[in-house]
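Colleague:
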Ligand SMILES: Nc1ncnc2c1ncn2[C@@H]1O[C@H](COP(=O)(O)OP(=O)(O)OP(=O)(O)O)[C@@H](O)[C@H]1O
Ligand SMILES: [Mg+2]
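Numbering (this note's numbering), first residue to last: 18 to 251.
#1: Who are the near neighbours of residue 32 in its chain, counting only those whose CB is closer than 6 Å to its CB and skipping five residues on each side?
#2: What are the start and end residues of each continuous beta strand (DSSP E) run of 3 or more residues lying completely inside the region 193-227, in chain order?
#3: Going by DSSP, what residue range makes up the alpha helix (DSSP H) through residue 154?
#4: Can you tell me whether residue 157 is buried or exposed? The criterion is at least 16 other CB atoms within 10 Å of its CB, across all chains shown.
#5: Should residue 232 be counted as a contact of ligand 1 given a C-beta to heavy atom distance under 7 Å?
#6: Within 7 Å: the Cβ of residue 206 and any heavy atom of ligand 1?
#7: Near ligand 1, which residues have their beta-carbon less than 5 Å from any of its heavy atoms, given in chain order?
#8: State yes or no: is the C-beta of residue 176 nearer than 7 Å to some heavy atom of ligand 2?
#9: When you compare the CB positions of residue 34 and residue 19, do they come within less than 8 Å of one another, or not?
#10: Return the Cβ separation of residue 95 and residue 65 in integer angstroms, given the expectation that the two are a contact with Cβ distance under 8 Å.
#11: Within its chain, find whatever has a CB closer than 6 Å to the CB of residue 227; leave out the 5 residues flanking it on each side and keep chain order.
#12: Pull up the distance between the alpha-carbon of residue 112 and that of residue 243, whole angstroms please.
#13: Apart from the five residues just before and just after residue 45, which ones in its own chain have a Cβ nearer than 7 Å to its Cβ?
#14: Compare the beta carbon distance of residue 61 and residue 251 with 8 Å and say whether it is the shorter of the two.
#15: Which residues does DSSP list as the beta-bridge partners of residue 19?
#16: Between the alpha carbons of residue 185 and residue 117, how many angstroms are there, rounded?
#17: Between 225, 246, 215, 224, which lies nearest to residue 234 when the distance is taken from Cα to Cα?
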């Protein structure tokens with residue numbers, strides 16, 4: 018479904034990604050791991066067209082998209098939930114959600130999409146008229162995920178959905194990601210907790226200092242010497 022090949026991204030003189038390749042197949046949950054500053058957010062932003070690569074290519078469903086503007090990438094069924102949630106604090110939960118379906122195709126399905134995300138996140142229906150800034154961190158993360166789904170993506174990329182959340186909320190969000198995937202949405206998510214991420218994904222990629230240093234089935238990565246030594250300390 019997604020095929021990133023030899024991607025390079027530069028911010029001025031600073032090169033953030035060096036010859037990075039990554040693939041996601043339809044129906045998978047894939048995690049992108051790596052320490053702070055590794056280039057994880059840069060990579061998914063390059064996929065969604067928010068930053069332009071200086072080299073390499075991005076294909077989505079067999080079509081080259083790295084030359085397209087973001088809004089055209091979104092209409093092809095790709096959605097990105099940014100790190101730090103980026104909600105509109107002084108809009109209600111429902112208005113934040115509706116902003117996720119501004120594209121013509123998604124707009125036509127708005128009512129149905131809202132019903133779908135309220136089924137996935139019943140709490141959001143109860144809070145639909147509350148200001149986004151009055152919600153807890155975990156609830157705001159749910160709004161961000163739900164808003165990402167309002168464009169009815171085939172492929173959802175989520176940047177650090179668990180950051181700063183209590184274990185019980187982490188578990189809730191993990192369950193929702195599984196449900197989203199079971200509903201037919203392919204998922205690529207970023208996470209720094211290796212054990213957590215590899216526990217829920219089919220495959221994983223490990224990025225360090227802008228280079229892909231490991232990739233494989235999640236179970237194999239969890240058992241690999243490098244991951245065990247460097248990331249799990251065992
Ligand atoms: N807009 C920008 N301008 C200049 N440098 C940037 C910009 N965005 C990111 N960088 C740099 O690129 C590198 C990769 O950043 P990126 O945000 O992709 O890392 P990350 O893996 O997502 O890190 P984190 O886990 O902290 O979110 C970092 O060194 C960062 O300082
Ligand atoms: Mg990041």
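No residue lacks a Cβ here, since even glycine has one placed at the ideal position from N, Cα and C.
Modeller: Taking the structure as given:
#1: Within the same chain, and ignoring the five residues on either side of residue 32 in sequence, no residue has its Cβ closer than 6 Å to its Cβ.
#2: The DSSP assignment places 203-208, 220-225 as complete runs of the beta strand (DSSP E) inside the region 193-227, in order along the chain (cut-off: 3 residues).
#3: Here the alpha helix (DSSP H) through residue 154 covers 154-166.
#4: Answer is buried; the Cβ neighbour count reaches 16.
#5: If you check the C-beta of residue 232 against ligand 1, you find no heavy atom less than 7 Å away.
#6: Not so, every heavy atom of ligand 1 lies at least 7 Å from the Cβ.
#7: Screening all residues for a C-beta within a distance smaller than 5 Å of any heavy atom in ligand 1 leaves 28, 33, 53, 54, 55, 56, 57, 58, 59, in chain order.
#8: True, at least one ligand heavy atom lies under 7 Å from that Cβ.
#9: In this structure, residue 34 sits away from residue 19, with a CB-CB distance that is not shorter than 8 Å.
#10: Their Cβ separation, rounded to whole angstroms, is 6 Å, which keeps residue 95 and residue 65 in contact under 8 Å.
#11: Here residue 227 has 33, 34, 35, 56 as same chain residues with Cβ atoms under 6 Å from its own Cβ, once five neighbours each way along the sequence are excluded.
#12: The C-alpha of residue 243 is placed about 45 Å away from the C-alpha of residue 112.
#13: The beta carbon of residue 45 lies closer than 7 Å to those of 203, 219, 220 in the same chain, with the five residues before and after it left out.
#14: No, Cβ-Cβ distance for residue 61 and residue 251 is not below 8 Å.
#15: Answer by DSSP bridge pairing, in chain order: 41, 77.
#16: Each residue's alpha carbon lies about 26 Å from the other.
#17: Per the Cα distances, 215.
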